[in-house]
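Structure first, then comments.
This is the structure:
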């Protein structure tokens with residue numbers, strides 16, 4: 001302000017303060033201050049540079065004299081008030097050294113905004129295509145149909161490959177010209193594709209798709225147990241499946257036990273084991289729950305055990321039921337009707353007992 005108002009050219013200015021706290025505020029470039037201090041620091045930094053600010057002791061600060069309540073006569077006679085600190089008459093190199101407190105941390109300063117440290121975890125994207133396919137579908141039967149079509153496409157492509165290889169071998173023996181060989185091969189393959197019968201999905205396709213999904217889920221959740229059984233060893237005692245006496249049947253991990261001679265269906269005697277943490281378990285439980293008309297926990301568990309075995313299935317089913325709106329509505333308690341007032345005949349003591357009602361060995365009399 002003085003620089004703008006005075007008509008005298010000024011040399012680079014130096015600003016003095018007897019507050020080391022203010023100097024730390026001005027020098028700091030990292031801390032975020034509260035609103036009032038932040039606004040004042042911005043004004044100072046817009047008009048000056050931090051290097052222009054220096055520290056002066058309180059005893060040598062002229063601005064401190066009026067704040068002590070001096071009389072006007074004493075203030076007028078003070079050379080410090082008139083001329084400023086005596087060291088200003090010396091060369092700048094002889095000025096007092098600046099205190100080291102200017103570089104102290106502002107961590108516990110009340111004017112500095114508190115900072116919250118947030119730790120984040122970046123989960124690596126699952127690049128397994130099968131996992132993406134399973135996560136894409138929200139219904140068990142739709143997932144099985146999708147996998148069934150993929151397996152059907154795989155078989156079709158394999159058949160086309162075998163047919164092309166066989167035709168190529170036959171054409172090469174009969175034709176020597178490479179161009180004619182290629183032309184005949186493309187012609188026969190086009191004819192072969194057009195004559196292939198396009199069949200819909202069958203029950204066997206869905207069963208095969210379900211088996212592949214179960215195998216994939218088990219490889220992810222129970223890989224150590226699968227490797228042990230494939231080597232003819234027993235699963236580790238530390239495994240959560242040890243008490244189930246698991247066996248391998250058609251490359252699927254199933255519950256063992258003593259029900260071999262039972263008349264139960266094979267899937268009920270040897271249910272496939274699925275981890276409750278897998279997406280497949282969630283889809284299967286949701287499918288059973290919906291097919292049974294949003295039944296309760298016990299019934300869903302009974303239906304599940306006919307084909308699958310999920311360790312700690314009770315907690316998984318309970319978690320599913322807590323998220324189901326329809327199941328929650330079915331388990332709501334009905335409201336009770338508020339009873340009416342008692343009749344007057346039962347309340348007024350103006351008549352002897354049993355005037356309106358009586359009882360005999362044959363029953364009540366009205």
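In the UniProt record's numbering, the protein residues as written are 1 to 366. We put the CB at the ideal spot given by N, CA and C, even for glycine.
Would residue 24 pass as a contact of residue 115 if the rule is Cβ separation under 9 Å?
no
Could you tell me whether the Cβ atoms of residue 306 and residue 281 are closer together than 9 Å?
no
For residue 63, which of 9, 80 and 54 has the nearest alpha-carbon?
80
Can you give, in chain order, each stretch of the beta strand (DSSP E) that sits fully within the region 230 to 267 and has at least 3 residues?
247 to 249 and 252 to 254
Cutoff 7 Å; reference residue 168; Cβ partners in own chain excluding five residues on either side:
185
C-beta atoms of residue 273 and residue 317 nearer than 9 Å:
no
Does the Cβ-Cβ distance between residue 247 and residue 144 come in under 9 Å?
no
In chain order, what are the residue ranges of uninterrupted alpha helix (DSSP H) at least 4 long that sit wholly in the region 31 to 86?
35 to 47, 72 to 77 and 79 to 83
Given residue 228, which residues of its chain have a CB within under 8 Å of its CB, disregarding the five upstream and five downstream residues?
234, 235 and 236
Do residue 60 and residue 85 have their C-beta atoms within less than 9 Å of each other?
yes
So, using beta-carbon positions, are residue 54 and residue 98 closer together than 9 Å?
yes
Could you give the distance in angstroms between the alpha-carbon of residue 215 and the alpha-carbon of residue 226?
10 Å
Decide if residue 271 is buried, meaning its Cβ has at least 16 other Cβ atoms within 10 Å, or exposed.
buried
To the nearest angstrom, how far is it from the Cα of residue 230 to the Cα of residue 240?
18 Å
Using only CA atoms, which one of 209, 49, 284 and 260 lies nearest to residue 130?
209
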